[in-house]
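Read through the structure below, which is laid out as structure tokens, and then see the notes.
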Amino acid sequence: MTVISQVILQADDELRYPSSGELKSISDFLQTGVQRTRIVAILAENEKKIVQEATKQLWQKRPDFIAPGGNAYGERQRALCIRDFGWYLRLITYGVLAGDIEPIEKIGIIGVREMYNSLGVPVPGMVEAINSLKKASLDLLSSEDAAAAAPYFDYIIQAMS
């Protein structure tokens, strides 16, 4: 939910008008709208490039992942890892667009550690993967936009750690 939806629902639940502080949070949210949509557009338009670069960085840093016995060994396993890169990038764009971590939390973080553990995927490896995705993504953004987008990557990294 966006800040606007949250404010409206909370005020309605309490049968009141939004407070001046809530209206200020809406104003702040709207003022960052152009930046948030710009970041999302850049990430979405460059998904393939970002995923390729992140994958390259990860395999260079951790060749054991794609070596025999590694979790990304073989075409099928490698394709699943690459698919996950795209999924996490999309999840991050949802958070950036909403200006909140709630979509990331609701759609993708709850239970992720348990899921990867049950599949035998090393969670520290996923943290490295998200770090690679973060670097590849932020390299395409201006320093101001990168600073605005970085916390969404960091949230996922922290949730997995």
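Counted the way my numbering counts, the sequence shown spans residues 17 to 177.
Glycine included, every Cβ here is placed at the ideal spot set by N, Cα and C.
*Can you tell which of A60, Y33 and Y132 has the C-alpha that lies nearest to the C-alpha of L157?*
The candidate whose alpha carbon is nearest that of L157 is A60.
*Alpha-carbon spacing of A88 relative to V139, whole angstroms*: 13 angstroms
*Output the boundary residues of the alpha helix (DSSP H) element that contains L180.*
Since the displayed the chain opens at 17 and closes at 177, residue 180 lies outside it and no answer follows.
*Using three-state DSSP, classify E121 as helix, strand or coil.*
helix
*When the Cβ atoms of the segment 130-144 are set against those of the segment 22-40, are three or more pairs found closer than 8 angstroms?*
no
*Check R54 in the structure and name its three-state DSSP category.*
helix
_Going by DSSP in three states, Y33 sits in which element: helix, strand or coil?_
coil
*asked:* What residue range does the alpha helix (DSSP H) around G111 cover?
replied: Here the alpha helix (DSSP H) through G111 covers E91 to A114.
*Terminal residues of the continuous alpha helix (DSSP H) containing T48?*
No alpha helix (DSSP H) holds T48; DSSP gives it neither H nor E.
*Under 7 angstroms, do F101 and A57 count as touching if we go by C-beta distance?*
no
_Tell me the residue span of the alpha helix (DSSP H) that contains R78._
From DSSP, R78 is part of no alpha helix (DSSP H); its letter is neither H nor E.
*Who are the Cβ neighbours of Y168 in its own chain at under 6 angstroms, not counting the five residues just before and after it?*
If we look at Y168 and ignore the five residues flanking it on each side, its Cβ neighbours are I108, G111 and V112.
*Take the Cβ of I172 as the centre, count every other Cβ of all protein chains shown within 10 Å, and call the residue buried at 16 or more, exposed below.*
buried
*asked:* Quick check: the Cα distance between V19 and Q26, rounded to an integer number of angstroms?
replied: 11 angstroms
_Coarse secondary structure for P138, derived from DSSP in three states_ = coil
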